[in-house]
Amino acid sequence: MKKYVPLLPLLLACLLLCACGGPAPVQEPEARDLAVVGFSQVGAESDWRNANTRSMQQALSAANGYRLIFDDAQQKQDRQITAIRNFINLGVDYIVLAPNTETGWDTVLAEARAAGIPVILVDRMIEVEDTDLFTCWIGSDFRKEGDTAVRWLEEHYGDAPLRIVHLQGNIGSSAQIGRTEGLDAGLARHPAWQLVFRGSGDFTQAKGQEVMEALIRDHTDFNVIYCENDNMAYGVIDALKMAGLRPGEDAAIISFDANSTALRMILDGTISLDVECNPLHGPRVLSIIEQLQRGETPPKFTYVEETSFDAGGLTEEIIGVRGY
Ligand code: AHR
0 MKKYVPLLPL LLACLLLCAC GGPAPVQEPE ARDLAVVGFS QVGAESDWRN ANTRSMQQAL
60 SAANGYRLIF DDAQQKQDRQ ITAIRNFINL GVDYIVLAPN TETGWDTVLA EARAAGIPVI
120 LVDRMIEVED TDLFTCWIGS DFRKEGDTAV RWLEEHYGDA PLRIVHLQGN IGSSAQIGRT
180 EGLDAGLARH PAWQLVFRGS GDFTQAKGQE VMEALIRDHT DFNVIYCEND NMAYGVIDAL
240 KMAGLRPGED AAIISFDANS TALRMILDGT ISLDVECNPL HGPRVLSIIE QLQRGETPPK
300 FTYVEETSFD AGGLTEEIIG VRGY
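Going by numbering that gives the first Met the number 0, the sequence shown wraps up at 323, each residue one higher than the last.
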């Protein structure tokens with residue numbers, strides 16, 4: 000399965016050095032045979048995403064024996080489909096796909112299969128007719144994350160009247176679907192919980208702020224803001240502060256991801272709960288590829304263990320060692 004990086008430039012350099020009587024050159028990583036991995040990333044919409052990109056780039060490095068071809072799809076599925084076709088044309092050894100949305104992958108993944116290229120899914124899930132179109136998946140249980148957030152609301156507010164603003168991630172992504180399903184289940188169990196707004200902030204800080212500013216302008220009455228990621232929560236917090244409102248006091252903020260910036264906002268009382276979504280998938284994908292290289296079959300589905308954080312027990316020491 001390995002691709003061979005062209006050795007001609009290296010050989011020429013070697014001959015030149017020998018002719019000059021110099022020492023034999025140290026073999027650079029480029030001169031070794033590197034397995035080529037095409038990685039189609041969703042985008043750069045959030046701190047989570049950037050931490051995920053860094054993790055993948057560090058793990059699939061030349062030092063570890065890989066040449067990573069990285070493509071940022073700017074949260075557009077058609078760009079991901081184009082990237083996958085480019086990877087197929089290049090004849091990469093493996094394709095890693097972090098899918099933007101769940102549906103619409105059957106055709107292009109059938110093309111990858113026809114080319115004999117294993118496809119590893121990371122982070123979000125896809126919905127396809129035939130699960131043999133991908134080799135395996137590793138990521139988060141987004142529904143469980145939503146359930147965790149709702150359980151916290153139940154423990155803290157029970158059946159008290161809640162007026163909930165719900166900022167969704169990009170519609171059709173597993174992260175949005177699972178976290179929304181969790182909240183919907185909570186709303187169904189608690190008639191006193193009222194949904195006063197639901198709309199997408201596309202997982203970005205700018206959109207989160209824009210949506211919140213509009214709600215404040217419209218005098219929407221709320222006491223809980225359920226943000227489906229940290230960056231939207233940051234935008235919400237900025238909008239609340241600019242309007243003279245006190246995040247954490249006038250409204251409880253529930254968020255997802257647990258980036259270090261957001262966790263520090265728990266320490267100062269701005270955010271009430273942050274449900275972890277772990278982005279450090281690089282070493283996990285590396286381990287999957289190593290299994291495939293050895294001819295082994297990795298598990299088809301792997302859910303990453305995740306936790307949640309509120310003010311109880313969270314310390315700067317805990318935040319400092321988390322890695323993102
Ligand atoms: O799919 C993971 C989600 O995508 C993260 O919660 C969010 O921050 C990211 O953009």
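For glycine and all other residues, C-beta sits at the position ideal for the given N, C-alpha and C.
Residue environment for A213: exposed (fewer than 16 other C-beta atoms within 10 angstroms of its C-beta). Assignment of beta-bridge partners to L96 by DSSP yields S39 and L120. Comparing alpha carbon positions, the residue from S173, D32, A205 and F221 closest to I252 is F221.
Here N230 is not near Q193, since their CB atoms are 7 angstroms or more apart. Secondary structure at W192: strand, using DSSP grouped into helix, strand and coil. A distance below 7 angstroms between beta-carbons, with the five flanking residues on each side excluded, links P282 to the following residues of its chain, in chain order: A58. A Cβ-Cβ distance of about 12 angstroms is found for the pair S39 and D77, leaving them out of contact under the 8 angstroms criterion. Residue ranges of uninterrupted beta strand (DSSP E) with 3 or more members, entirely inside the segment 68–96 and ordered along the chain, are 93–96. Within the segment 186–235, the runs of alpha helix (DSSP H) that reach at least 4 residues and sit entirely inside it are, in chain order, 204–216.
Under a 10 Å Cβ-count criterion, M241 is classified as exposed, with fewer than 16 other Cβ atoms of the shown protein chains found around its own Cβ. Distance from the CA of E304 to the CA of D273, rounded to the nearest whole angstrom, comes to 15 angstroms.
Checking the 6 angstroms criterion, the Cβ of C226 is out of range of every heavy atom belonging to ligand 1. Taking A50 as the centre and dropping the five residues before and after it, the same chain places the C-beta of P278 and Y323 closer than 6 angstroms to its C-beta, in chain order. Pairwise C-beta distances place the segment 144–162 out of contact with the segment 117–127, as fewer than three of them are shorter than 8 angstroms.
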